[in-house]
Each structure stands twice: as C-alpha cells, then as structure tokens.
Amino acid sequence: MIREIVRYGSKVLRRKALPVTSVDAEVNALIQDLFDTLAEADGVGLAAPQIGVSRRVIVVDISAAEATQPPMALVNPAIDAAEGTATAEEGCLSIPDLYGEVPRFTEVTISALDHEGCAFELSAEGFFARVLQHEIDHLDGRLFIDHMPPLRRQLLRGPLKRIRKEGEEWDRRHSSH
C-alpha cells in the first residue's frame with residue numbers, strides 16, 4: 007500500500023526509531039508498504055519513520071543506477087565498520103526539492119535482519135553505501151541537512167520553513183495515533 011511520506015518538521019523524523027523484536031507479518035506488511043511507497047515516489051531508499059512508523063526498518067532500491075544490486079529490506083540495520091570519506095549531493099523524499107553536499111563514508115559493513123528475520127551482513131561502497139547511511143540516519147532521527155555546514159543550512163532556512171509546516175500539519179492530523 008502506498009503511504010504518505012512524512013515531511014521535515016514532523017516529530018517522528020527526529021525520534022530514535024524502536025528496534026524490531028520479531029520479524030512477523032506486521033513487519034513484512036510494513037516492508038511491502040515501504041517498497042510500494044518508494045516505487046511511487048521514484049526514490050532510492052526509504053525508512054519506516056518517513057511513513058510515520060517509528061520502527062528500525064529501511065528499504066533500498068538502487069537497481070535503476072546499479073542493475074546488479076537487487077532491492078533490499080533491512081530490519082534493525084547497524085553500521086559495524088566504515089572507512090574513507092567522500093562528499094556528494096543528497097536529497098530526501100521528506101525534504102522535497104532540496105539538495106546539499108553531504109560527507110559520508112565511502113565503504114560500510116552493515117549487519118541487519120532480512121524480511122524472514124535471518125541475520126546477514128553486507129559490505130557496500132560508493133552510492134550504495136551512501137544510500138544505506140542516509141536511511142540508517144533516519145532511524146536515529148538524523149536528516150541529511152544535519153551533516154551540512156551551518157552556513158549552507160542557513161541558506162536553506164526559507165524553503166525548510168515551508169516544508170516544516172507540512173510536517174507539523176502531518177503531526178496534527180495523526181496526533182490521535
């Protein structure tokens with residue numbers, strides 16, 4: 007099911023997401039919703055908090071850019087090792103139409119559970135590593151703009167203020183949950 011993507015300004019995007027204790031039918035439905043929403047939004051990654059669910063689940067689909075990398079769901083992902091750094095432009099489905107240069111590790115090793123609850127480890131580099139770090143940041147309440155220099159963030163203050171209103175409005179509509 008395609009879900010609404012929560013905008014910057016919503017409290018759920020700044021909250022540390024809760025660990026998944028059991029990969030069950032509910033978690034698999036969440037994974038499917040994340041993939042459906044990601045495909046509709048034409049993005050490369052999406053974290054559960056971005057659809058208003060404070061759980062440690064992300065999906066990544068960079069297959070349009072790297073055909074050999076299949077779409078992937080990661081439950082309770084953690085970065086176990088990282089090396090190298092590079093700065094590149096990033097954007098975010100929760101902060102539409104804004105982009106900025108963000109430093110990230112160039113190589114990461116990640117441990118997680120798959121959609122069946124089986125533990126696995128993967129190594130990623132380049133764009134794939136960047137996307138994974140971006141999505142894992144969402145699970146810790148961090149956004150790509152937090153990695154940008156203060157002056158650059160200052161320049162984005164106007165557009166961010168407009169987007170923040172949408173996020174705050176989402177919170178008002180969902181405050182009974």
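Position one of the sequence shown corresponds to residue 7 (the numbering used here), numbered consecutively onward. Virtual Cβ for every residue (Gly too), placed ideally from N, Cα, C.
*Between the Cα of residue 88 and those of 67, 111, 45, 123, spot the shortest distance and give me the residue it belongs to.*
111
*Just to confirm, does residue 40 get its C-beta within under 8 Å of one of the non-hydrogen atoms of the ligand NAP?*
With respect to small molecules bound, the structure shown includes none, and the ligand NAP cannot be examined in it.
*Give the C-beta separation of residue 51 and residue 141 to the nearest angstrom, bearing in mind that I take them to be a contact with Cβ-Cβ under 8 Å.*
4 Å
_Segment limits, beta strand (DSSP E) that includes residue 104_ = 101 to 119
*Give every residue of the same chain whose Cβ lies closer than 6 Å to the Cβ of residue 130, excluding the five residues on either side of it in the sequence, and list them in chain order.*
114, 138
*Endpoints, the beta strand (DSSP E) within which residue 64 is located*: 63 to 66
*Are at least three pairs of beta-carbons, each pair with one atom in the stretch 156 to 170 and one in the stretch 7 to 15, less than 8 Å apart?*
yes
*Buried or exposed: which applies to residue 256, given that a residue is buried once 16 or more other Cβ atoms fall within 10 Å of its Cβ?*
Residue coverage of the chain in this structure runs from 7 to 183, which leaves residue 256 outside it and unanswerable.
*Note down, in chain order, each residue of its chain lying with its Cβ closer than 7 Å to the Cβ of residue 7, except the 5 sequence neighbours on either side.*
39, 42
*So residue 173 is in the alpha helix (DSSP H); what residue range does that whole segment cover?*
163 to 179
*Quick one, which of 93, 119, 19 has its alpha-carbon nearest residue 65's?*
119
*Same chain, Cβ closer than 8 Å to residue 71, neighbours up to 5 away in sequence not counted*: 50, 133
*Hey, is the stretch 146 to 165 in contact with the stretch 81 to 98, meaning 3+ C-beta pairs nearer than 8 Å?*
yes
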